[in-house]
Structure formats: C-alpha cells, structure tokens
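Peer 1: Just so we're aligned: 1558 in the numbering used here is position 100 of the sequence shown, and the numbers increase by one with no gaps anywhere.
Note that the Cβ used here is the ideal one computed from N, Cα and C, for glycine as well.
All figures in this text were calculated on a predicted structure; none of them were measured in a lab.
A single structure is presented below for examination.
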Amino acid sequence: MKKFVLSKIEAEIPATLSYHGVHHTIDVLNACNAHIRRLKIPSKDAYLLRTAALMHDIGVMWDYFNHEELAMKFVKDTLPGWGYSKDDIDKVCGMIRATRLPQSPTNLLEEIICDSDVDYLGTHLFYQIGATLFEEFLVYKVVKDEESWDRVQIKFLNNHKYFTSYGQRFREPVKRKYLLEIIRKWGWEKEYQHILAAN
1459 MKKFVLSKIE AEIPATLSYH GVHHTIDVLN ACNAHIRRLK IPSKDAYLLR
1509 TAALMHDIGV MWDYFNHEEL AMKFVKDTLP GWGYSKDDID KVCGMIRATR
1559 LPQSPTNLLE EIICDSDVDY LGTHLFYQIG ATLFEEFLVY KVVKDEESWD
1609 RVQIKFLNNH KYFTSYGQRF REPVKRKYLL EIIRKWGWEK EYQHILAAN
C-alpha cells in the first residue's frame, strides 16, 4: 500500500506543487515514525497512523483548497480493498480531518499527525521548506509577494501550537525564534509588539 500511494502521488500530483509533493508525504511519515518509536505506540495504532500520514494530502491532486475532504473520500474508496475495517477507516479519516487548518486533534494519534504535518516549523529546515510553500502559494495566488507571505507566516506561526509533549518541548521554542526573526527582518516590531511581548 505504501508503494502504491507514494507512486500515485509522485506520478499524479501537479508539478506546480513544490511543497505538497511526495517529499512532504515522506517527511510527515518519518516524523510520525519518530513519535511512534518515542511513545511506543501499539502496532495497530501505528499502522493506522502511518496510513493517515501517507494519505493525508493525496487530495491535492484533485483540489488544492479542499484536499482533506477528497483525501478522506479516497481513503473510504480505497482502503476496504486493502483489508481495512470501517472502524480503521474512520480512525484514518479522523486523523486526516484533524490536519485541516486550523488543526483540531481530539486524541493522541491525531495530535501526532498534526505535529508531524508541520514538524519543519521547529527545525533547521524552516526556511528551506518554507521557501517551497511560498513558491506554491504564489502559484495558487494565496500570497502575491514576499511581504504578504511573511505576514501570512507571522499570523500562522503565532496562532499555531504543537500538541505533543515532544513538539511543545523541542519544536515550539525553535518555531518562536523564527517568528521573531521574521518580524525583525521587516522592522515590524511596533506593529507586532503584542507578539514580541508574549515571547
């Protein structure tokens, strides 16, 4: 199933998706695997979490702005053929649904996939991976230039929170550092003084 999904993503996701490509799916899967090892997640739950990680963004090949709904439809149509029960499929769909912004996890597995989906925000890859999302946002007219991109980033980084204890301890402080860097880069300290005061 993993090979099938990754091959489908690689073959069918539009080239304009510089962020939501197969590399992002693999990054999310790897981050989930790290949480699975760290938290000793039981094998059945781990299998469902990995499935959700593989499937969570597959819907972007059909609709960029509604991809979670389409990913869940794909899961419901596809996973019975791989032997998944209705309960399994409901859990996988719950994890995918939780990643829709603003993230809304209701259990540990959903918290893990939410943190894994944006793991890079609290790592040394923040600017490198962020540049691919900026490029994608330009194509889909989410932002028009670097300034509007950084304003979107400031709002997102300030409102976002990590849910797992690992994310809160190790990713959150790094993410906050990048948030402050972006504000200072533009000399926006006065405009965003409420954010600076909270950090």
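Can you confirm whether the region 1515 to 1526 touches the region 1499 to 1507 when touching is taken to mean that 3 or more C-beta pairs between the two stretches lie within less than 8 Å?
Peer 2: no
Peer 1: Just tell me which of Tyr1477, Ile1494, Arg1496, Leu1512 has its CA closest to the CA of Val1486.
Peer 2: On the sequence shown, residue 1486 is found 28 positions in, with the first residue counted as 1. Among Tyr1477, Ile1494, Arg1496, Leu1512, the Cα nearest to that of Val1486 belongs to Leu1512.
Peer 1: By the three-class DSSP mapping on this structure, what secondary structure does Met1553 have?
Peer 2: Position 95 of the sequence shown, counted from the first residue, corresponds to residue 1553. DSSP places Met1553 in helix when its eight states are reduced to three.
Peer 1: Compare the beta carbon distance of Thr1557 and Ile1547 with 9 Å and say whether it is the shorter of the two.
Peer 2: For the purposes of this step, residue 1557 is taken as the residue at position 99 of the sequence shown. For the purposes of this step, residue 1547 is taken as the residue at position 89 of the sequence shown. No.
Peer 1: Would you call the region 1532 to 1549 and the region 1579 to 1595 touching, i.e. three or more CB-CB distances under 8 Å?
Peer 2: no
Peer 1: At the level of alpha carbons, what is the spacing between Pro1498 and Asn1491?
Peer 2: If you number the sequence shown from 1, residue 1498 lands on position 40. If you number the sequence shown from 1, residue 1491 lands on position 33. Residue identity differs from the one stated: residue 1498 is Lys in this sequence, not Pro. Lys1498 and Asn1491: Cα-Cα distance of roughly 10 Å.
Peer 1: Could you please give the first and the last residue of the uninterrupted alpha helix (DSSP H) stretch that includes Met1459?
Peer 2: Translated into the one-based positions of the sequence shown, residue 1459 becomes position 1. Element bounds for Met1459: n/a, residue is neither H nor E.
Peer 1: Since Ala1589 and Met1553 should fall inside the 8 Å C-beta cutoff, what is the C-beta to C-beta distance between them, to a whole number of angstroms?
Peer 2: By 1-based counting over the sequence shown, the position of residue 1589 is 131. By 1-based counting over the sequence shown, the position of residue 1553 is 95. Contact doesn't hold; Cβ gap of about 27 Å is too wide.
Peer 1: Would Val1550 and Val1576 be called neighbours here (beta carbons separated by less than 9 Å)?
Peer 2: The residue you call residue 1550 lines up with position 92 of the sequence shown. The residue you call residue 1576 lines up with position 118 of the sequence shown. Against a cut-off of 9 Å, the Cβ pair of Val1576 and Val1550 comes out as no contact.
Peer 1: Within its chain, find whatever has a CB closer than 7 Å to the CB of Leu1678; leave out the 5 residues flanking it on each side and keep chain order.
Peer 2: A question about residue 1678 goes unanswered here, because the residues of the chain that appear run from 1459 up to 1657.
Peer 1: Please confirm whether His1618 and Lys1633 have their CB atoms less than 9 Å apart.
Peer 2: In the sequence shown, the residue the question calls residue 1618 occupies position 160. In the sequence shown, the residue the question calls residue 1633 occupies position 175. For His1618 and Lys1633, yes; Cβs fall inside 9 Å.
Peer 1: When you compare only the Cα positions, how much space is there between Arg1555 and Glu1526?
Peer 2: Translated into positions along the sequence shown, residue 1555 becomes position 97. Translated into positions along the sequence shown, residue 1526 becomes position 68. C-alpha separation (whole angstroms): 6 Å.
Peer 1: Can you give me the Cβ contacts of His1482 inside the same chain, cut-off strictly under 7 Å, excluding the 5 residues immediately before and after it?
Peer 2: Your numbering for residue 1482 matches position 24 in the sequence shown. If you ignore the 5 residues before and after His1482, its C-beta comes within less than 7 Å of the C-beta of Asp1515, all in its own chain and listed in chain order.
Peer 1: For Asn1524, which of Leu1559, Gln1611, Leu1579 has the nearest alpha-carbon?
Peer 2: Here the question's residue 1524 lines up with position 66 in the sequence shown. If we check each option's Cα against that of Asn1524, Leu1559 comes out closest.
Peer 1: Would you kindly work out how many angstroms separate the C-alpha atoms of Asn1565 and Met1530, rounded to a whole number?
Peer 2: Along the sequence shown, read from residue 1 onward, the residue named residue 1565 stands at position 107. Along the sequence shown, read from residue 1 onward, the residue named residue 1530 stands at position 72. Asn1565 and Met1530: Cα-Cα distance of roughly 18 Å.
Peer 1: What first and last residue would you give for the alpha helix (DSSP H) that runs through Ser1543?
Peer 2: Counting from 1 along the sequence shown, the entry for residue 1543 is found at position 85. Taken as a continuous stretch (DSSP letters only), Ser1543 belongs to no alpha helix (DSSP H), as it is neither H nor E.
Peer 1: Quick check: the Cα distance between Ile1641 and Glu1569, rounded to an integer number of angstroms?
Peer 2: For the purposes of this step, residue 1641 is identified with residue 183 of the sequence shown, where counting begins at 1. For the purposes of this step, residue 1569 is identified with residue 111 of the sequence shown, where counting begins at 1. For the pair Ile1641 and Glu1569, the Cα-to-Cα distance works out to about 28 Å.
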